[in-house]
Amino acid sequence: MNKLLTMAFAAALLTACAAPVSNERNEKTVFVTSVSFNGNLGGLKGADDKCQAQADDPASIVPSGTYLAWLSDGTDSPNTRFTKSSHPYLLPDGTRIAENYTDLTDGSIQHFINIDPTGKTVGQSPFWTGTNEDGTTAQPFLTCTGWMDPVTMARGMIRSTGFTLTTWSSQSQNRCNTTRQRLACFQQ
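Note that the sequence shown covers residues 6 to 193 in our numbering.
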């Protein structure tokens, strides 16, 4: 009987350990992609798909769920696309960046977004945004033509992962066709 119970316990433990990470406390995970992209992201949907693919990758340590890019075009922005969570936003290692969506978009964050979905710290590495700190579109002409332009002199707004000041989302701009930046991905 003891041997049977031990085997049943071991099987249950192995099943639990193999299950994907979940976030049962409703906190939202934020990460930067482990790879960089030019400004031709395939629009907002293409960028969201890149975030989701990184979250779903077998090497990822982030909780399962839907992930969207912190990105704006001339029509949509995180303020119109994101679920405005009342729960904290955390990096994959548990570091808190904001208490909730209101705190996230009040102009500053508590820690820079500098960890990829595998848990690796990326240092000061820019990510595409096109977005103000309040979650609205910065300027439509700073969105690499809706994140669909691979060849012209269009520009996109970026932010470095190493800043927490009021410019955490809008620092400078780069050419869409010659520079490669990461994406900041937010669990919904």
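Every residue gets a Cβ at the ideal spot worked out from N, C-alpha and C, and that includes glycine.
All figures in this text were calculated on a predicted structure; none of them were measured in a lab.
On the criterion of 16 or more Cβ atoms from any shown chain inside 10 Å, does residue i qualify as buried, or is it exposed?
i    : result
A64  : exposed
Q129 : exposed
N31  : exposed
G99  : exposed
D62  : exposed
V67  : buried
T71  : exposed
K50  : exposed
Q192 : buried
S174 : buried
S91  : exposed
T88  : exposed
Using CA coordinates, which residue listed in the options is at the minimum distance from residue i?
i    : options                   : result
W133 : N179, Q59 and K125        : N179
N105 : S41, T34 and R185         : T34
N84  : T136, G151, F42 and G47   : T136
C195 : I102, G48, R101 and T38   : Limits of the chain in this structure are 6 at one end and 193 at the other, which puts residue 195 out of reach.
L76  : L147, A159, T183 and A103 : L147
G2   : Q186, W152 and A159       : Past the boundaries of the shown model lies residue 2; the chain is included only from 6 to 193, so the question cannot be answered.
R86  : P93, A74 and D54          : A74
I2   : F42, G112, H116 and N43   : A query on residue 2 cannot be resolved here, the shown segment of the chain reaching from 6 to 193 and no further.
S113 : N45, L95, T183 and E138   : E138
Using 8 Å for Cβ pairs, my map puts residue i next to residue j. What's the rounded Cβ distance?
i    : j    : result
C244 : C149 : Past the boundaries of the shown model lies residue 244; the chain is included only from 6 to 193, so the question cannot be answered.
N119 : T126 : 6 Å
P131 : F36  : Not a contact, Cβ separation roughly 15 Å.
P122 : Q59  : 5 Å
G44  : G161 : 5 Å
Counting beta carbon pairs with one atom in the segment 133-149 and one in the segment 80-92, are three or more of them shorter than 8 Å? yes
Within the segment 78-149, ranges of the alpha helix (DSSP H) (whole runs, at least 4 residues): Taking only runs of at least 4 residues, the alpha helix (DSSP H) segments lying wholly in the segment 78-149 are 83-86 and 106-109.
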